[in-house]
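Here's the structure, in C-alpha cells; my notes come after.
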Amino acid sequence: MVKQSAAGEKEALKDASGQSTAMEDDAEQEGGDPNQQPAEGPACQNETTAAAMQEEMVEKTSGQNHSRQSTGQDKTGAVQHVPGGLSDNADVSATPQCPQRNASAPAENSDSRITGGMLCHRGQCPWQVLIRDSRDIGFCGGSLINSRWVITAAHCLDLVRPHHVTIGDFDKYQRELKEQKIGVERSWIHPHYDSNNYDGDIALLYLSSEVVFNEYAIPICLPSPNLAALLAEEGQVGMVSGWGATHRQGSTLRFLMRVRLPIVSMDTCQQSTRRLVTDNMFCAGYGTEAADACKGDSGGPFVVSYQNTWFLLGVVSWGDGCAERGKYGVYTRVSNYIPWIKETVESVADSEKFSINFA
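In this text, residue positions in the sequence shown follow full-length UniProt numbering: the first is 1, and each later residue adds one.
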C-alpha cells in the first residue's frame, strides 16, 4: 500500500462515494506463507504496566527536549500498504478487556505486487479496521482503541459517510471466520481540522455495538505525550497496514498488507515537500522507491512496538505520491489529540465501561 497525493485521495474518495470500485481478483498472487507459525504476543498492556514502562523509558532519556518543526505535504485518502510487517515476535499483552492473542512474526518474504510490502495475515494486525460505505465498499482504514471506538483520518469523512466497519478482516471481498461487521452510529471530526493542509487530520467513530475481542480483534494502546515523544525519535521504526494501492495509479488491494517504515526528522521531511508539515504531524519512510503508504491506506494505523506492547503513534494522512524518491509519508501525531479523544469518549459513554488503553 502506498499513500497518494491530496488530489489523488479526493479522487479516490469520490470513487468510493459515487461508483463501484473494481475488485482485484489476484488471491493466488498474494505471496507469503499462510501456514507460518505465530509467536506468542500481547497487544496492549494494562495501564499500570504501561505507565511503569513509560516511567522507565522517560528516566533513561530524561532531560531531552524534542522540539518539532512545522513541515509538510498534504495527503488525502492516502492508504498505507504495510510491506515489512511486524518484525518483533510481539508479545502484545492486552488490557483487562483485551484477550491474549498470537501475533505472528512473518518471514521477510515480500509480495512482488507491493512496494516493500508484505501480507498481514489474520491476527497480525488485530487493531486494524476497514471503514466501508453503504454499498460495503471499503474506502479508509482505522484503528480500534476500545470496544466501541475507532480512530481514523478526518479527510476520510470529507466526501464519504462511514456506514459500517469490519474488524478481523484480511480478504476484504470475503467474509471470514470471526470477522465482525458493526455499524457506525456517530462520527466526530476534530474541530480544528483544516482540509487545505490536513492539520488536525483525525476523527473518531462510535460504533453501534461492542466489538467482541478475540485473537483477531484487539484494541491498540494510545501513548501519553511523553512516551510518544520518545517513540517518535528519528530512526524509530513503525509499522503501517492497510489495503492501499501499490503505486500511485494502481487499484487498492484485496488483502491486508503491512510495511515497516523509519521515522525521519521534521527537517528532512519539510525539505522534501512544498507543503507545510505542522507540529501535529510526523513523517516516515525511506525517501526511495522502496516502501510507503498509498491510495486506500488513509486513516490507518502507524504503530510502534515498545517492550512487547504496541502503541498507536500516527494516523495515515497524506503525502506526495507513493514511495517516490525523496518523498515521505505524513501521519497525524495521535498523542497531540489525547485530551480531545478523552473528552469525546467521556461525553458519549460510560468511561469506566468503555475505557480506552492510555499509557
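We put the CB at the ideal spot given by N, CA and C, even for glycine.
8 angstroms contact criterion, which residue i and residue j should meet: CB distance rounded
i	j	result
residue 360	Ser-272	Because the chain in this structure spans residues 1 to 359, residue 360 falls outside the shown range and cannot be described.
Ala-153	Ser-335	About 16 angstroms separates the two Cβ atoms, so there is no contact after all.
Tyr-258	Cys-125	Per the sequence shown, the amino acid found at residue 258 is Arg instead of Tyr. Confirmed, about 6 angstroms.
Val-304	Gln-236	6 angstroms
Thr-278	Asp-199	5 angstroms
Span separating the alpha-carbon of residue i from that of residue j
i	j	result
Ser-317	Ser-224	21 angstroms
Lys-181	Val-165	6 angstroms
Lys-178	Thr-344	29 angstroms
Tyr-173	Arg-254	7 angstroms
Ile-189	Ser-195	11 angstroms
residue 427	Ile-263	The question about residue 427 has no answer, for the chain in this structure spans 1 to 359.
Gly-238	Leu-312	9 angstroms
Ile-341	Glu-234	26 angstroms
Tyr-337	Ala-203	10 angstroms
Glu-346	Leu-205	14 angstroms
Asn-357	Gly-117	29 angstroms
Met-23	His-155	Residue placement at Met-23 is flagged as unreliable, the pLDDT there being 34, under the threshold of 50; a coordinate-derived value is accordingly withheld.
Thr-252	Ser-355	33 angstroms
Trp-127	Asp-267	31 angstroms
residue 400	Ser-209	As shown, the chain starts at 1 and ends at 359. That puts residue 400 outside it, with no answer to give.
Thr-309	Pro-339	22 angstroms
With 16 other Cβ atoms within 10 Å as the buried cut-off, status of residue i
i	result
His-121	buried
His-192	exposed
Gly-183	exposed
Gly-326	exposed
Asp-169	buried
Asp-136	exposed
Arg-101	The predicted model places Arg-101 with a pLDDT of 33, which falls under 50 and marks its position as unreliable; any figure quoted below should be read in that light. Burial call: buried.
CA nearest to the CA of residue i, picked from the options
i	options	result
Pro-162	Leu-230, Ile-263, Val-150 and Asp-169	Val-150
Gln-307	Cys-221, Ser-134 and Gly-200	Cys-221
Arg-186	Phe-358, Val-348, Asp-267 and Ile-356	Val-348
Pro-319	Ile-341, Asn-214, Val-304 and Phe-282	Rather than Pro, the amino acid found at residue 319 in this sequence is Gly. Selected option, being the one with the closest Cα: Phe-282.
Pro-219	Ser-147, Asp-158 and Ile-263	Ser-147
Leu-231	Ile-202, Ser-265 and Leu-256	Ser-265
Trp-243	Ile-131, Ile-356, Phe-358 and Asn-357	Ile-131
Glu-176	Thr-252, Gly-117 and Gly-123	Gly-123
Gly-300	Leu-256, Asp-267 and Gln-270	Leu-256
Asp-171	Thr-309, Leu-119 and Glu-215	Leu-119
Cut-off 6 angstroms between Cβ atoms - residues of its own chain near residue i, not counting five sequence neighbours on either side
i	result
Gly-285	Leu-261, Asp-292, Tyr-328 and Gly-329
residue 368	A question about residue 368 goes unanswered here, because the residues of the chain that appear run from 1 up to 359.
Gly-18	The predicted position of Gly-18 is uncertain, since its pLDDT is 43 and thus under 50; a value taken from the coordinates is nonetheless stated next. Same-chain partners within the cutoff: there are none.
Leu-207	Arg-148 and Ile-182
Cys-269	Thr-71, Val-277, Cys-283 and Tyr-328
7 angstroms CB neighbourhood of residue i in its chain, flanking five on each side removed
i	result
Val-211	Leu-144, Ser-147, Ile-167, Gln-180, Ile-182 and Ala-217
Cys-332	The residue you asked about is not Cys; residue 332 is Thr in the sequence shown. Result list for Thr-332: Ala-153, Asp-201, Ile-202, Asn-280, Met-281, Gly-314, Val-315 and Ser-317, in chain order.
Sequence-distant residues of the same chain with beta carbon closer than 8 angstroms to residue i, five excluded per side
i	result
Phe-302	Gln-80, Gly-238, Met-239, Val-240, Leu-261, Ala-284, Leu-312, Leu-313, Gly-314, Val-315, Val-316 and Tyr-331
Ala-228	Phe-311, Leu-313, Arg-333, Val-334 and Ser-335
Check: residue i C-beta below 7 angstroms from any heavy atom of the ligand ZN
i	result
Ser-208	As presented, the structure is devoid of all ligands, the ligand ZN included, so that no description of it is given.
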